[in-house]
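Presented below is the structure to which this report refers.
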Amino acid sequence: MNEPDFNRAKQSIESTPKIKSPNGSHTNPNAGKKMRPKDESPDLNMNSNSITPSNIAKIKVIGVGGGGCNAVNRMIQSSVVGVDFWQINTDAQALAQSMTTYCLQIGQKLTRGLGAGGNPAIGQKAAEESRDEIAKALENTDLVFITAGMGGGTGTGAAPIVAEIAKDMGCLTVGVVTRPFTFEGRRRTNQADEGIRALESKVDTLIVIPNNQLLAVIPPETPLQESFRMADDTLRQGVQGISDIITIPGLVNVDFADVRAVMADAGSALMGIGIGSGKSRAKEGAIAAISSPLIESSIEGATGVVLNITGGKDLTLHEVNAAAETIYEIVDPNANIIFGAVIDEKMQGEVRVTVIATGFSGEKKNNPDRAKTIPSPPNLDSPTSENKETANNSPETDPQSISSGLDIPEFLQRRRFPRS
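All the letters of the sequence shown, read from the start, carry residue numbers 1 to 420 under the UniProt record's numbering.
This is the structure in structure tokens:
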């Protein structure tokens with residue numbers, strides 16, 4: 001190396017920035033680093049465990065009022081996953097008993113935390129007073145479930161305001177509410193009807209669960225408190241039937257865009273839940289779902305369907321197909337149907353089918369007394385041995401015996417077993 005080259009190399013080394021080490025000496029920042037040649041491509045991390053989805057659907061369940069907050073507590077106890085729970089109420093004492101992390105007391109100036117006194121107008125004003133806080137709770141949300149027991153003050157009055165705010169923020173907004181038992185009084189029933197009409201105009205989809213229809217599946221000796229618990233649990237199943245197929249990996253999954261395609265601006269919806277066991281459990285569960293006491297009108301000809309098929313690890317693809325085919329036969333031939341199959345280890349030996357239908361004719365069922373003849377389970381999560389025995393002993397080749405055991409709706413009998 002000649003002298004000019006040596007001097008240039010020396011200047012280059014001296015000009016390299018140095019970092020002062022803790023002991024006061026200076027170090028080269030590149031010391032100890034493996035230098036990659038310019039033409040060498042950077043290492044790629046091919047470990048799939050490091051892949052993080054950039055956009056996971058954010059789902060929130062908002063319980064409004066006493067009934068809605070009770071339903072949220074029920075969902076938390078049942079380990080509904082993949083959603084954030086909120087409780088909104090005017091009653092500070094009720095919120096103090098909440099099981100969820102997120103609570104919002106509305107109308108503090110108006111009600112001073114003492115509730116709405118069963119007056120929907122006060123519930124509405126309380127929500128209006130707290131619009132900014134409600135909007136903040138709904139930030140960064142894709143799908144909002146608003147659950148409430150209609151007929152009271154806060155749930156009836158505030159739920160439509162919460163729904164309006166959610167929809168204005170671009171959230172897919174689904175209402176899942178109950179209509180009160182007749183014994184709760186005419187005033188409460190009338191308030192519920194008015195609240196349901198107001199809520200329907202503010203949500204994308206509204207599922208109304210008529211508590212009176214639960215009398216068909218509640219044994220006569222059931223205590224009053226247990227009856228209301230079952231009503232809360234039905235709200236839970238309505239929400240979980242939709243959220244599970246988005247959030248829980250299973251045999252067949254759907255994404256949020258699929259759910260939005262069916263439920264956006266869909267209006268009124270019907271929900272049925274059925275459980276099957278034995279050899280034909282999937283088909284039995286599907287038939288039980290579409291003939292559920294919770295469905296007041298026929299879903300024949302529905303143009304949009306969300307179908308959730310849940311079973312244990314022994315659930316097969318053939319069973320999923322059998323349940324889906326049963327539903328396909330009664331809805332519109334061009335219906336937009338999305339379905340998911342979810343694995344729940346607690347469902348070993350059983351299959352639960354949840355059907356949510358939109359765009360239906362709304363005609364009343366032809367068999368109004370059917371609910372009285374259904375062999376009903378003591379709760380909505382487990383069938384009785386009578387149901388199992390009937391399903392197992394029914395001759396598969398005899399449509400009449402199947403009909404008497406499972407009580408297949410008349411419109412389904414006409415399609416599956418045409419009379420000569």
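The beta-carbon is built from N, C-alpha and C at its ideal position, and this holds for glycine as well. Model, not experiment: these values are computed from the prediction.
**Q.** Beta-carbon contacts of ARG188 that lie in its chain and below 6 Å, excluding the five residues immediately before and after
**A.** Cβ-Cβ distances below 6 Å link ARG188 to GLY151, PRO180 in the same chain, with the five nearest sequence neighbours on each side left out; the list follows chain order.
Q) Where does PRO249 fall in DSSP's three states? A) Coil, per DSSP.
Q) In whole angstroms, what separates the C-alpha of THR100 from that of ASP84? A) Cα-Cα distance, rounded: 9 Å.
Q.
So the candidates are ILE309, ILE299, SER277, PRO160; which of them puts its Cα closest to the Cα of PRO249?
A. Of ILE309, ILE299, SER277, PRO160, the residue nearest in Cα terms is ILE309.
Q: Compare the C-alpha of GLY149 against each of GLU325, ARG236, LYS125, LEU307 and name the closest.
A: Nearest option by C-alpha distance: ARG236.
Q.
Taking the beta carbon of THR202 as the centre, do at least 16 other beta carbons fall within 10 Å, making it buried, or is it exposed?
A. Checking the displayed sequence, the identity of residue 202 turns out to be Lys instead of Thr. With 16 or more other Cβ atoms inside 10 Å of its own Cβ, LYS202 counts as buried.
Q) Where does the unbroken beta strand (DSSP E) through VAL162 begin, and where does it stop? A) Element bounds for VAL162: not the beta strand (DSSP E) but the alpha helix (DSSP H), 154-168.
Q.
For a quick check, are the C-beta atoms of GLY155 and GLY82 less than 7 Å apart?
A. No. Outside cutoff.
(Q) If I follow the unbroken beta strand (DSSP E) through ASN89, where does it start and stop? (A) Note, ASN89: beta strand (DSSP E), 84-89.
Q.
Within a Cβ cutoff of 8 Å, which residues of the same chain sit near GLY157, ignoring the five residues on either side of it in sequence?
A. Excluding positions up to five away in sequence, the list reads ALA116, ASN119, PRO120, ALA121, ILE122, GLY123, GLN124, LYS125, ALA126, ALA127, GLY195.
Q | When GLY340, PRO333, TRP86 are compared against VAL353, the one with the closest alpha-carbon | A | Distances from the CA of VAL353 to each of GLY340, PRO333, TRP86 were compared; the closest alpha carbon is that of GLY340.
Q. Who are the near neighbours of VAL162 in its chain, counting only those whose CB is closer than 7 Å to its CB and skipping five residues on each side?
A. Correct list, in chain order: ILE62, VAL64, ILE88, ALA127, ILE134, ILE146.
Q: Could you pull out every residue in the same chain whose Cβ sits closer than 7 Å to the Cβ of GLY301, ignoring the five residues on either side in sequence?
A: Around GLY301: VAL331, ASP332, PHE360, SER361.
Q) If VAL177 and VAL208 are in contact, beta carbons under 8 Å, what's the gap, nearest whole angstrom? A) Contact annotation, VAL177 with VAL208: C-beta distance approximately 6 Å; criterion of less than 8 Å satisfied.
**Q.** Beta-ladder partner(s) of LYS60, from DSSP
**A.** According to DSSP, which records beta bridges pairwise, LYS60 is partnered with ASP84, VAL144.
Q | 6 Å CB neighbourhood of GLN191 in its chain, flanking five on each side removed | A | PRO120, GLY151, THR156.
(Q) In chain order, what are the residue ranges of uninterrupted alpha helix (DSSP H) at least 4 long that sit wholly in the segment 162-225? (A) Complete alpha helix (DSSP H) runs here, min 4: 186-200.
Q: Assign SER298 to one of two classes, buried (16 or more other C-beta atoms within 10 Å of its C-beta) or exposed (fewer than that).
A: Its Cβ being crowded by 16 or more others within 10 Å, SER298 is buried.
Q. For LEU114, which beta-bridge partners are listed by DSSP?
A. LEU114 has ASP91 as its beta-bridge partners, per DSSP.
Q: Kindly indicate which three-state DSSP category GLU129 falls into: helix, strand or coil?
A: In the three-state DSSP reduction, GLU129 falls in the helix class (H, G or I).
(Q) Just to check my reading of the structure: ILE338 and VAL259 have Cβ atoms closer than 8 Å, yes? What is that Cβ distance to the nearest angstrom? (A) At roughly 7 Å, the Cβ-Cβ gap stays under 8 Å, so ILE338 and VAL259 are in contact.
Q) Helix or strand or just coil, what does DSSP make of LEU317? A) Residue state, collapsed to three classes: helix.
(Q) Can you list, in chain order, the residues of its chain with a C-beta nearer than 6 Å to that of ASP193? Leave out the 5 residues immediately preceding and following it. (A) Cβ within range, chain order: n/a, list empty.
Q: To the nearest angstrom, report how far apart LEU215 and GLU184 are at their CA atoms.
A: Just so you know, the alpha carbons of LEU215 and GLU184 end up roughly 14 Å apart.
Q. Beta carbon of ASP204, beta carbon of MET263: below 7 Å?
A. Cβ distance < 7 Å, so ASP204 and MET263 count as in contact.
Q) What is the rounded straight-line gap between the Cα of VAL254 and the Cα of LEU114? A) Taking the CA atoms as reference points, VAL254 sits about 43 Å from LEU114.
Q: Please list, in chain order, all residues of the same chain as GLN348 whose beta carbon is under 6 Å from its beta carbon, the five residues on each side excluded.
A: GLY312.
Q: Using three-state DSSP, classify GLY267 as helix, strand or coil.
A: Note: GLY267 maps to strand in three-state DSSP.
Q.
Which residue wins for smallest C-alpha separation from LEU110, given the options GLU129, ILE275, GLU200?
A. Selection GLU129, ILE275, GLU200 evaluated against LEU110 yields GLU129 as nearest (Cα-Cα).
Q: Would you kindly work out how many angstroms separate the C-alpha atoms of LEU138 and ALA57, rounded to a whole number?
A: When rounded, the distance between both Cα atoms is 13 Å.
(Q) Buried or exposed for GLY24, going by 16 or more other Cβ atoms inside 10 Å? (A) Low confidence applies to GLY24: its pLDDT is 46, below 50, so where it sits in the model is not reliable enough to give any reading.
Q. Under a three-way DSSP split, which group does THR326 fall into?
A. Helix at THR326.
Q) According to DSSP, is ILE106 helix, strand or coil? A) Assignment of ILE106 by DSSP, reduced to helix, strand and coil, places it in the coil class.
Q. Taking DSSP as the reference, what is the three-state secondary structure of residue 434?
A. Any property of residue 434 remains undetermined from this structure, which presents the chain solely from 1 to 420.
Q: Kindly indicate the opening and closing residues of the alpha helix (DSSP H) around residue 494.
A: In the structure as shown, the chain begins at 1 and stops at 420. Residue 494 is therefore absent and cannot be evaluated.
Q. Counting along the chain, where does the beta strand (DSSP E) carrying GLU350 start and finish?
A. Where GLU350 is concerned, the enclosing beta strand (DSSP E) stretches over 350-358.
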